[in-house]
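For what it's worth, our numbering labels the leading residue of the sequence shown as 9, then goes sequentially.
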Amino acid sequence: MLTIGCHLSTSKGFEAMGRTALSIKANTFAFFTRNPRGGNAKALDLDDVAALQRLMDQNSFGPLVAHAPYTYNPCSGKERAREFALEAMADDLQRMEALPGNYYNFHPGAHVGQGVDTGIELIVDTLCHVMFEGQRTCVLLETMAGKGTEVGSRFEELARIIDGVVTRRPELSGRLGVCFDTCHVSDAGYDIVHDLDGVLARFDETVGIEHLRAVHINDSKNPCGSHKDRHEKIGEGYLGSEELGGGADVMHNIVSNRHLRTLPFILETPQELCGYAGEISYLRSLWQ
Ligand code: FE
Ligand code: FE
Ligand code: ZN
């Protein structure tokens, strides 16, 4: 069975997210680990977390893909901003231990003119500080669209970050991977409409396919290589719409690809809950 869900609000707690997921026939979901505007995260309600765990076990959920707020920039030029990212990520990873065995996805950040090399160094530093031996959460770098000075739109950059961490902290290998965002990868210039296999072969040569652990399945409002990062509903953008050069076969290839088909898929499309239910049932129908 396809493991698929969407991004959900944490406002009513953990068990409520699980129930919402079930109501749209999802068997995974994503959520922000804290309020993106910063400040302290709410204290964890461990009974609520346990209730979600029970619900997930009873309904054969796949792993969840928690998302760090977009406001973290571990490679900012400002020390205060880097410190905030570091402290918040460290705290998020401690809290994730209450719900072991899931994913924690984050945006590598923007180097804001310091250059990619410095950006990568700062990201490696941050990960080496916040990750710890024995952690049960796998940290995922998200493939980025390459908007502005974003780091992580080239597979080579993701590979350098992972190599940098594992060289310094070999015990963390296996706890670091990549979340493949289809809108971002296409916007970054990888042609997944015409050559998904070729793109994944390049991923394998640079990063290693074993590091691919989750997929953000989004359509894109913009053509391949646009570096825009504007998500579209499935079937209405450059990946899934025939008028725009894509189509259902492209979506079928993504969800059924032998390297992707068993990973958790998360929708981050501009939808309400009933729209997500429709996308989930559509993508389930394409899965082989
Ligand atoms: Fe993201
Ligand atoms: Fe994403
Ligand atoms: Zn995006």
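In this text, a Cβ means the ideal position worked out from N, Cα and C, and glycines have one as well.
Endpoints, the alpha helix (DSSP H) within which residue i is located
{"i": "F37", "result": "Unbroken run through F37: none, as it is neither H nor E."}
{"i": "E164", "result": "F163 to R176"}
{"i": "Y284", "result": "L281 to L294"}
{"i": "Q66", "result": "L54 to Q66"}
{"i": "V120", "result": "From DSSP, V120 is part of no alpha helix (DSSP H); its letter is neither H nor E."}
{"i": "L30", "result": "F22 to S31"}
{"i": "L94", "result": "E87 to M104"}
{"i": "M259", "result": "A256 to S264"}
When the options are compared against residue i, the one with the closest alpha-carbon
{"i": "K241", "options": "P178, E158, G283 and E23", "result": "G283"}
{"i": "G117", "options": "G160, F273, K50 and H137", "result": "G160"}
{"i": "L130", "options": "E91, V193, Y112 and L101", "result": "E91"}
{"i": "N81", "options": "G70, Y290, L149 and F273", "result": "L149"}
{"i": "D55", "options": "G21, N35 and R27", "result": "G21"}
{"i": "L16", "options": "Q279, G286 and Y290", "result": "Q279"}
{"i": "E164", "options": "A209, R183 and G286", "result": "A209"}
{"i": "L268", "options": "A49, E95, A222 and V186", "result": "A222"}
{"i": "D65", "options": "A74, G154, D237 and G26", "result": "G26"}
{"i": "V174", "options": "D203, M139 and H202", "result": "M139"}
{"i": "D53", "options": "H224, T18, T270 and T79", "result": "T18"}
{"i": "S84", "options": "G127, A96 and E95", "result": "G127"}
Cβ-Cβ distance between residue i and residue j below 9 angstroms
{"i": "T151", "j": "F188", "result": "yes"}
{"i": "R266", "j": "L10", "result": "no"}
{"i": "A59", "j": "E23", "result": "yes"}
{"i": "S181", "j": "S228", "result": "no"}
{"i": "N320", "j": "E276", "result": "Not covered by the structure: residue 320. The range shown for the chain is 9 to 296."}
{"i": "N113", "j": "A38", "result": "yes"}
{"i": "L354", "j": "S264", "result": "The requested residue 354 does not occur in the structure, where the chain is confined to residues 9 to 296."}
{"i": "P108", "j": "R62", "result": "no"}
{"i": "R177", "j": "D100", "result": "no"}
First through last residue of the beta strand (DSSP E) which encompasses residue i
{"i": "L247", "result": "Element bounds for L247: n/a, residue is neither H nor E."}
Residue i to residue j span [Cα, whole Å]
{"i": "G253", "j": "Y246", "result": "6 angstroms"}
{"i": "N261", "j": "Q296", "result": "9 angstroms"}
{"i": "F211", "j": "I32", "result": "32 angstroms"}
{"i": "V207", "j": "Y198", "result": "6 angstroms"}
{"i": "E251", "j": "N67", "result": "38 angstroms"}
{"i": "I12", "j": "E158", "result": "27 angstroms"}
{"i": "M104", "j": "N110", "result": "8 angstroms"}
Bridge partner(s) assigned by DSSP for residue i
{"i": "V186", "result": "L149 and L220"}
{"i": "G13", "result": "I274"}
{"i": "I200", "result": "I200 pairs with nothing; no bridge assigned."}
{"i": "Y112", "result": "A74 and V147"}
{"i": "S194", "result": "Bridge partners of S194: none, in fact."}
{"i": "I225", "result": "L275"}
{"i": "E179", "result": "In DSSP, E179 forms no bridge with anything."}
{"i": "H239", "result": "S228"}
{"i": "E158", "result": "A118"}
Any non-hydrogen atom of ligand 5 closer than 8 angstroms to residue i Cβ
{"i": "H192", "result": "With respect to ligand 5, the structure shown offers nothing to examine, as its ligands consist of ligand 1, ligand 2 and ligand 3."}
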